[in-house]
Amino acid sequence: MYKLALITTLTILTTLTACSKPDQNKNTQTHAASQNVAANPVVTLSTNNKADIQSDLDTVQQYSRTQEATQAAYQNKVQDAMKKQDKALIKTVVAEGKSIAQESQKGFNALTLKSKEVSDLRQTLITTSNAAFEYSDLMLAAMDDAKNLDQVKLQQLQDKLMGLQQQIATQNAHIQQILGVAASTPQAASQNN
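If you count by mature numbering (1 follows the signal peptide of the UniProt record, and there is no 0), then the sequence shown holds residues -20 to -1, 1 to 173, one letter each, in order.
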């Protein structure tokens, strides 16, 4: 069970790092923002605006492409760690995955989005990523001693992750409906247009 759960956790971290869309964090200062203005103005996001949604998806996809090499290297490390079944190596790889995901989230937070729909999706993906971090911490603690596994918290996190995945699917379907695209992912939608 632990091996499957850990593989699932590593996969979630990798996937969310590669394709997460961060929150429109008004308190985060970006390099560009600090050069252009001293104070961050409050940004009003559009709703149901096809052009803004498509622009946001294109922006996110461009950023995701810059992360592909890092993600590929990380996936190789995950596979290697799982093959070796080395607990210390697995812990190191999970820690590295968290670091990569956090850096990726910072980059996504620096993106300027125009649409509420993509901004909301980005926030849900970050929330999912953070829940996956909690899950990985729980599973790592149980690697050393199965008695350390808090079954109640494990179930709560699994339920939370399932709910968040459903929320992502619902948000994505809404975006696709606005765009009039029958694709299953925002990335696919931006490739189709």
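Positions of the beta carbon are idealized from the N, C-alpha and C atoms, including for glycine.
Check, Outcome
"Span separating the alpha-carbon of residue 93 from that of residue 35", "8 Å"
"Cut-off 7 Å between Cβ atoms - residues of its own chain near residue 71, not counting five sequence neighbours on either side", "120"
"Alpha-carbon spacing of residue 44 relative to residue 25, whole angstroms", "22 Å"
"Residue burial classification, residue 128 (beta-carbon count within 10 angstroms, cutoff 16)", "exposed"
"Buried/exposed call for residue 23, threshold 16 Cβ in 10 Å", "exposed"
"Beta-carbon gap between residue 144 and residue 108 smaller than 8 Å", "yes"
"Alpha-carbon spacing of residue 48 relative to residue 80, whole angstroms", "12 Å"
"Reference residue 138; option with closest CA among 50, 157, 113", "113"
"Residue 1 versus residue 105: straight-line alpha-carbon distance, rounded", "With a pLDDT of only 40 at residue 1, under 50, the local geometry of the prediction cannot be trusted, and no value is derived from it."
"Candidates 142, 33, 95, 131: closest to residue 111 by CA position", "142"
"Beta-carbon gap between residue 95 and residue 33 smaller than 8 Å", "yes"
"Alpha carbon of residue 28 to alpha carbon of residue 84, nearest angstrom", "27 Å"
"Buried/exposed call for residue 131, threshold 16 Cβ in 10 Å", "exposed"
"Endpoints, the alpha helix (DSSP H) within which residue 105 is located", "96 to 124"
"8 Å contact criterion, which residue 91 and residue 40 should meet: CB distance rounded", "7 Å"
"Residue 61 burial status per 10 Å Cβ neighbour count (16 or more: buried)", "buried"
"CB of residue 57 within 8 Å of CB of residue 74, strictly", "no"
"Alpha-carbon to alpha-carbon, residue 134 and residue 115", "7 Å"
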